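In this note's numbering, the protein residues as written are 90 to 304.
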Amino acid sequence: MTDFDAATEFDRQVTTLVGLGYPALAGLTETAFRGLVEPLRAAVLGRRATMEPPAEGRVPFLLVVTRSLVPLEDAVPLTTLAGKSKPGVIERFYAEGELERFVSLKELALPEGEVYVAFDVDRGEEFCDVVPLNAMATIEGRGRTPLTIEEGLAFVTQYPGALAKNKCFSLGGSRFGDRRVPALWISKGAPKLGWCWEGNPHTWLGFASAGGRDA
């Protein structure tokens, strides 16, 4: 048992999303948006006894808003770095309309619905300078799975400090069907959603993963 208050953290994350304007982007009133997210509370509280407090680079859970509710192009600019205000940007190397074709791997079997919870999320800085394909094999061997684009955005939205100098991360749970792996890094004082090759290591790029998901 820890002294981490999962209910208070749940409320904080909902308030953060509301404050950033997620309800309007989803075409919902604040009341309707809160009503959509509220059922996730039971999934969170059901695991609270095993949760550890947030630490640098690792958090107990994240409320994930999928692109079916809020488009990625709207969610990225709502991210910032810790103590900064410059909005996140999308790498120009994504061709027009291409980002939407980076979809979650079928083997992740994501929860159905427009919002869900990702548990035990780690930015994977131990995998800095490790080939992404090798990092994925390692986390799969631990019974974990790679983060999707939406989960990575949720991570930085709720915990801006998760994205730090030389501690950025790949999002191997969303793929296009080629050798590119989406990633979040820092560019000109703001988060940037880009991609790197699955066979190329980078000293500043880890591999983010989750321990589970629920809705």
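The beta carbon of each residue, even a glycine, is placed where N, CA and C say it ideally should be.
Quantities reported herein were computed from a predicted structural model and do not represent experimental measurements.
Quiz item: What did DSSP end up calling residue 159 once you bin it into helix, strand or coil?
Solution: For this step, residue 159 is matched to residue 70 along the sequence shown. Residue state, collapsed to three classes: coil.
Exercise. Count the CB pairs spanning the region 277-290 and the region 174-183 that are closer than 8 Å, and state whether there are at least three.
Key: The count of Cβ pairs closer than 8 Å, one atom from the region 277-290 and one from the region 174-183, reaches three, so the stretches are in contact.
Practice problem: May I have the straight-line CA-CA distance separating residue 90 from residue 140, to the nearest angstrom? | Solution: Here the question's residue 90 lines up with position 1 in the sequence shown. Here the question's residue 140 lines up with position 51 in the sequence shown. Low confidence applies to residue 90: its pLDDT is 43, below 50, so where it sits in the model is not reliable, and the reading given next is rough at best. Straight through space, the alpha carbons of residue 140 and residue 90 are spaced by roughly 8 Å.
Practice problem: Go ahead and label residue 190 buried or exposed: buried means 16 or more other beta carbons lie within 10 angstroms of its beta carbon, across all protein chains shown. | Solution: Position 101 of the sequence shown, counted from the first residue, corresponds to residue 190. Residue environment: residue 190 is assigned as exposed (fewer than 16 neighbouring CB atoms within 10 Å of its CB, all protein chains considered).
Self-check item: Three-state class that DSSP yields for residue 295 in the structure shown
Solution: Here residue 295 refers to the residue found at position 206 when the sequence shown is read from its first residue. Strand at residue 295.
Quiz item: Mapping DSSP to helix, strand and coil, what is residue 101?
Solution: Reading the sequence shown from its first residue, position 12 is the one you call residue 101. Of the three classes helix, strand and coil, the one that applies to residue 101 here is helix, per DSSP.
Quiz prompt | Backbone secondary structure at residue 245 - three-state DSSP | solution = Numbered from 1 along the sequence shown, position 156 holds the residue referred to as residue 245. Looking at residue 245 - three-state DSSP - the assignment turns out to be helix.
Self-check item: residue 161 versus 131, 231, 207 and 273, residue with shortest Cα-Cα distance
Solution: For the purposes of this step, residue 161 is identified with residue 72 of the sequence shown, where counting begins at 1. The residue with the shortest Cα to Cα distance from residue 161 is 273.
Quiz item: What three-state label does DSSP hand residue 253 in the structure shown?
Solution: By one-based count along the sequence shown, residue 253 stands at place 164. Looking at residue 253 - three-state DSSP - the assignment turns out to be strand.
Exercise. Kindly identify the DSSP beta-bridge partner or partners of residue 268.
Key: Locating residue 268 in the sequence shown gives position 179, counting from the first residue. Here residue 268 is not bridged, per DSSP, to any residue.
Self-check item: Three-state secondary structure assigned by DSSP to residue 197
Solution: Sequence index remark: in the sequence shown, residue 197 carries index 108 (1-based). Residue 197: helix per DSSP, three-state reduction.
Exercise. Measure the alpha-carbon distance for residue 133 versus residue 101 and round it to whole angstroms.
Key: Locating residue 133 in the sequence shown gives position 44, counting from the first residue. Locating residue 101 in the sequence shown gives position 12, counting from the first residue. Cα to Cα, the separation comes out at about 13 Å.
Self-check item: DSSP three-state assignment for residue 90, whether helix, strand or coil
Solution: Translated into the one-based positions of the sequence shown, residue 90 becomes position 1. Because residue 90 carries a pLDDT of 43, less than 50, the predicted location of this residue cannot be relied on, and no value is offered for it.
Self-check item: Cβ separation of residue 262 and residue 197, assumed to be a contact under 8 Å, to the nearest whole Å
Solution: Indexing the sequence shown from 1 puts residue 262 at position 173. Indexing the sequence shown from 1 puts residue 197 at position 108. The C-beta distance from residue 262 to residue 197 rounds to 6 Å, short enough to meet the 8 Å contact threshold.
Self-check item: Outcome for residue 231 when other beta-carbon atoms lying within 10 angstroms are tallied against a minimum of 16
Solution: Counting from 1 along the sequence shown, the entry for residue 231 is found at position 142. Residue 231 should be labelled exposed.
Practice problem: Taking residue 221 as part of the alpha helix (DSSP H), name the residues at either end of that continuous run. | Solution: Start at 1 with the first residue of the sequence shown, and residue 221 comes out as number 132. Counted as a single uninterrupted DSSP element, the alpha helix (DSSP H) harbouring residue 221 occupies residues 221-230.
Practice problem: Pull up the distance between the alpha-carbon of residue 258 and that of residue 156, whole angstroms please. | Solution: Residue 258 sits at position 169 when you count from the first residue of the sequence shown. Residue 156 sits at position 67 when you count from the first residue of the sequence shown. Each residue's Cα considered, the two are about 20 Å apart.
Quiz prompt | Between the CA atoms of residue 131 and residue 121 - distance to the nearest angstrom | solution = Looking up residue 121 in the sequence shown gives position 32. Looking up residue 131 in the sequence shown gives position 42. Looking at the two C-alpha atoms, the distance is approximately 18 Å.
Quiz item: What is the rounded straight-line gap between the Cα of residue 199 and the Cα of residue 192?
Solution: As a working note, residue 199 is residue 110 in the sequence shown. As a working note, residue 192 is residue 103 in the sequence shown. Near 11 Å, if we compare the C-alpha coordinates of residue 192 and residue 199.
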